[in-house]
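Step one of this worksheet: look at the structure below.
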Amino acid sequence: MDYKKIAETVVKKALKLGADEAEAYLENNREFEVNVRNGKVETVKQSMTKGMGLTVFKDKKLGFSYTSDFSEKALEDFVEKTVQLSQIATPKPWNGLPDLKKGKPRDLDLYDPSISKVENNKKIKVATKVEKIALAYDKRIKNSEGGWFGDAESEVFLVSSKGISRRTKSSAVTFGTGVIAGEGDNMQSGYYGSSKAHFKDLEDIEYVAREAGKRALEKLGARPVKTQKVPVVFSRWAAPSFWSGVLSALDGDSVFKKATFMTDYLNKPIASEQITLIDDPTIPRHIASTTFDGEGKLARKNTLIDKGVLKMFIYDTITARKAGVKVNTIAQRYVYKGTPSGSLLNVIVNKGNVKEENIIKGIDQGFYVKGLRGSGTDVPTGNFSVGASGFWISKGELAFPVDGVTLGGNTLELMKNIELVADNLEIRGGLNSPSFKVSELIVGGK
Amino acid sequence: MNIYPHPVHSTLSDSQLGQEELKELLAIAKQNGGEFAEVYIEHTVNNNIGLDEDKISSARRGVDMGVGIRVLHGEKTGYAHSDDLSLDKLKETARVAGLIASGKAKQTDFDLKKQKIPSYYMVKTSPDRIVPAEKAKLLWKANSTARDYNKSISQVYVSYSDSNTEITIANSEGLLVNDVQTLTRLIVFVSALEKGKRSSGYAYKGGTLGYEHYNLELATELAEEAGRMAVAMLPAEDAPAGEYPIVMAKGECGTFFHEAIGHSLEGDGARKKTTCFWDKKEEMIATEIVSLADDGTIPGARGSINVDDEGTPGQKNILIRDGKCKGFLYDKLNAKLMKTKSTGSGRRQSYQHYPIPRMTNTYLMAGKDNPEDILRSVKKGIYISQIGGGNVSPTTGRFVFSVPEGYLIENGKITSPLKGIQLMGNGPDVLKNITMVGPDLEISGGGTCGKDGQSKPVSDGNPTLKVSKITIGGAKVRG
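Chains as they are written, first to last, in numbering that gives the first Met the number 0: chain A, 0 to 445; chain B, 0 to 478.
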């Protein structure tokens, strides 16, 4: 199928039916996934999917539809219904497609053509091997949630009545395993995986397997502690969850509605001077990078928090126009089924210069957080409360595993109380942070 | 009522995937010796309208159409799907799914028999026939009612959505089933702001309900309920942290049982021995006043199903009776491997997914304790009016839930509102600490459950009940 042509036809047809502006966003994807358990293949799944979202503006009113049915009759109905839908919407002066620079997207090497040539048997072998090594890691590991391997290729076309026509291709590949340690009332699961844009960049199978095994074992016997106020270390595994809560409070439209506790903090200090937080989706070969975003804007780097000072909120074209600011951040789509909304793709908290082990050594009694259940930040109020697991720190060492406790406080206070930032930043996914120490926080338990 | 003059066009009805074609696809899927083959055809139309800041902010429509083909062979599943309904593409899809097996076909000819199925949906008027402007009236009504409710109401968001799914399932055991599944929902969210204090409230109605269940009176009712909750929570103080008895209000706390208990009673985890209850069948896992059911046959409820996504009729399954674990929820594959029968729990998000064991409408069954006595029995504790989102590990049963509406109980009476309540603990412990259960079971409007990357509509419910102790995570340390 000539997808570019289909997108162009749909845009033209929408204009013909009276739309002032129209934009088609079309995806064509291939996916493969295998799951093995206890050495046997359980599932093999192959899929080819396509779909298109159509955005129209008529008299400053927005209509949106999507379809995976590309038959001629269905597409006609699709365009007609989308234009009709726009008519029940309320007109808004800020509605309309973005004004885009025509420039050519940078090649970030996000597509690995070799992925489609890897044979299924080889993929099954990776999934089998990673599980096998994790199961053999320790005799207390008794059961498996399985090993997996998956890969995907995605092609995106964006065509708009403003003369923009873009296309990009990307790939993703992932494998990992989950195992269970212990028995009866004392079972703990541990997962670990590796996800990259290129097959060759995947982490070592043995390393991934051992990390999964370690995660299950280290939680065995975890118990709550008494409620107390102590220094808390957010490990680089738990820190991303925390930052995701902070970032959800930076949504530009929530600021406009004064629905976030960050509303009045632009260009003011919100965190310790040691915190600089950027969004950089332009790192070559990185799985969280992109050449252009859901609106067709070319990807770029942005600094949101600079040495503790809040520099920017998160907007898409429409929310930015509404708030009367210049668009800066990335706008993302929930595949072709949604309109773009302001977002971040590859968040990086800059690293500090302290070793994590030295941070732990400097704490007499404290809590090392390995996992959070949720992000903890309540956006309207900034209250912070979240379930956590990890290790108790006693006399500068990790003493015993802890689970079933909460951390509580105020998000702004917590960020200002960040005393030390470790040097252990590793860019693995879309949210990357080194470990950091907060001078004190309430650990709520028994 | 304003409706479209003609039924909406569907490529599915044009595609002429008749019985002969289905048989041919099943034969191709089994040609490598697979033990079982299945074709799942889906056409879904979603409609959604949102109102925000006194404006209709979004009006959306979506069409999902495709065919998923599954082949089972021993413990193995081969799955492939296509959104191209041409017979050639579907034959290729069937072939790819069949590659999971290796060998020769044992049977290539199937007699498909169309099954008659019961109906648990309450649908007279299909919502897809109603023009968007008609639905928009509900949103405007809810918006103005909520704004007039109290001067502290600062934001109102209203959303109406419906989905209309036609499925056809055919398998190599000769099953052929059609079902039309309709879901509708109207939600009102409000925020309140007064003297620098913020709060929020919500209310909704939803289910396998036709458009005849939606009208301006309902919109008014929901807006007032959302407003009541936000205003009630405005003066809320930080919740105390520590261990307390709790009372859960009827109807709106069932999510707790779905998340913290139900997921640990799904058959895939039982087969894999990865959930905390896998070896507890016929054992006491709760106090003897606790009975838990998963029931796909409640008329109009959001999780109800005439058939599951493997064609097995929906049914009522007792998971815990008088404290004893009675069994697990199974799809066909896990049932076969565990030498038992499907419980009508094989559900999938769409043709792009293979079915897995899922809940439908899950609820704690009614007991005998007087709700007033339950409240009176608590000297100092927490009253949970509505439970919010949760996070649970099915392996350990450990959970954290937020509580959007909760109050302090002092000397058997509900007193001041609390914010930031987090319920923490693990499912098996809570089951042993349920000491009182009322007779006033209510099923709530329900929501959407996620598992293994698949979303599915469910609902849940509960009568008034007491848990003798549970850990509350809150911002305030007990002095």
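Every residue gets a Cβ at the ideal spot worked out from N, C-alpha and C, and that includes glycine.
Since the model is a prediction, treat every value here as computed from it, not as a measurement.
The stretch 104-119 of chain B makes no contact with the stretch 277-294 of chain B, as fewer than three CB pairs between them are under 8 Å. For the options A:Ala208, A:Val254, A:Leu276 and A:Lys267, the alpha carbon positioned closest to that of Ala238 of chain A is the one of A:Leu276.
Contact between the stretch 250-257 of chain A and the stretch 206-222 of chain A is absent, with fewer than three C-beta pairs closer than 8 Å. About 43 Å separates the beta carbons of Leu21 of chain B and Ala218 of chain B, which is beyond the 8 Å limit, so they are not a contact pair. With a cutoff of 8 Å on beta-carbon distance, Ala135 of chain B and Ile48 of chain B are scored as near each other.
At a beta-carbon threshold of 8 Å, the residues of chain A lying near Ala135 of chain B are Ile87, ordered along the chain.
Only residues of its own chain outside the window of five on either side were considered, and among them Asp250, Gly251, Ile313, Tyr314, Asp315, Thr318, Thr328 and Ala330 have a CB closer than 7 Å to the CB of Gly341 of chain A, listed in chain order.
In chain order, Arg36, Thr176, Gly177, Val178, Ile179, Ser188 and Tyr190 place their CB closer than 8 Å to the CB of Glu144 of chain A, counting only its own chain and leaving out the 5 sequence neighbours on each side. Counted as a single uninterrupted DSSP element, the alpha helix (DSSP H) harbouring Ile317 of chain A occupies residues Thr316 to Ala322. Residue pairing for Asp161 of chain B: DSSP places it in a beta bridge opposite B:Asn46 and B:Thr183. Per DSSP, the continuous beta strand (DSSP E) segment holding Trp147 of chain A begins and ends at Ile140 to Ser159. Contact with chain A is absent for Thr181 of chain B, since none of that chain's Cβ atoms lies less than 8 Å from the residue's Cβ.
Ranked by Cα distance from Lys354 of chain A, the first of A:Ala151, A:Pro283, A:Leu424 and A:Ser243 is A:Leu424.
CA-to-CA, the gap between Lys123 of chain B and Thr54 of chain A works out to about 32 Å.
Gly445 of chain B places its beta carbon less than 8 Å from that of Ser458 of chain B. In this chain, the beta strand (DSSP E) harbouring Asp293 of chain B covers Leu291 to Asp294.
Close to Leu84 of chain A, with beta-carbon spacing below 8 Å, are these residues of chain B in chain order: Ala58, Arg59, Arg60 and Pro131.
Around the C-beta of Lys225 of chain A, fewer than 16 other C-beta atoms lie within 10 Å, and the residue is accordingly described as exposed. According to the DSSP assignment, Gly253 of chain B belongs to the alpha helix (DSSP H) that extends over Gly253 to Ala259. Rounded to whole angstroms, Lys138 of chain A and Gly102 of chain B show a C-alpha spacing of 37 Å. Under the three-state reduction of DSSP output, Gly446 of chain B falls in the strand class. Put simply, of A:Leu99, A:Val231 and A:Phe198 the residue whose alpha carbon is nearest the alpha carbon of Leu371 of chain A is A:Val231. Non-local C-beta neighbours of Ala23 of chain A in its own chain, meaning closer than 7 Å and more than five positions away in sequence, comprise Ala6, Val9, Val10, Met51, Leu53 and Val158, ordered along the chain.
For the options B:Leu363, B:Asn390 and B:Ser392, the alpha carbon positioned closest to that of Ile433 of chain B is the one of B:Leu363.
Counting other Cβ atoms within 10 Å of its Cβ, Pro298 of chain B stays below 16 and is therefore classed as exposed. In the DSSP assignment, the residues bridged to Tyr191 of chain A are A:Thr176.
Within the same chain, Cβ atoms closer than 6 Å to the Cβ of Arg165 of chain A are found at Leu157, Phe291 and Gly295, the five residues on either side in sequence being excluded. Listed in chain order, the positions of the stretch 222-242 of chain B with a beta carbon within less than 7 Å of a beta carbon of chain A are Ala240, Gly241 and Glu242.
Contact check for Ser384 of chain A and Gly472 of chain B: beta-carbon distance about 6 Å, within the 8 Å limit, so the pair qualifies. In this structure, the straight-line span from the alpha carbon of Ala298 of chain A to that of Lys321 of chain A is close to 22 Å. Note on Phe35 of chain B: 16 or more other CB atoms within 10 angstroms of its CB, so buried under the neighbour-count rule.
Within the same chain, and ignoring the five residues on either side of Gly149 of chain A in sequence, the residues whose Cβ sits closer than 6 Å to its Cβ are Glu32 and Thr173. Interface annotation, Gly437 of chain B: not in contact with chain A, CB-CB separation never under 8 Å. Residues of chain B whose Cβ lies closer than 7 Å to the Cβ of Arg372 of chain A are, in chain order, Asn390 and Val399.
Interface annotation for the stretch 63-81 of chain B against chain A: Asp63, Met64, Gly65, Glu74, Lys75, Thr76, Gly77, Tyr78, Ala79, His80 and Ser81, criterion Cβ-Cβ distance under 7 Å. Using a 10 angstroms sphere on the CB of Ile204 of chain A, the tally of other CB atoms reaches 16 or more, which defines it as buried.
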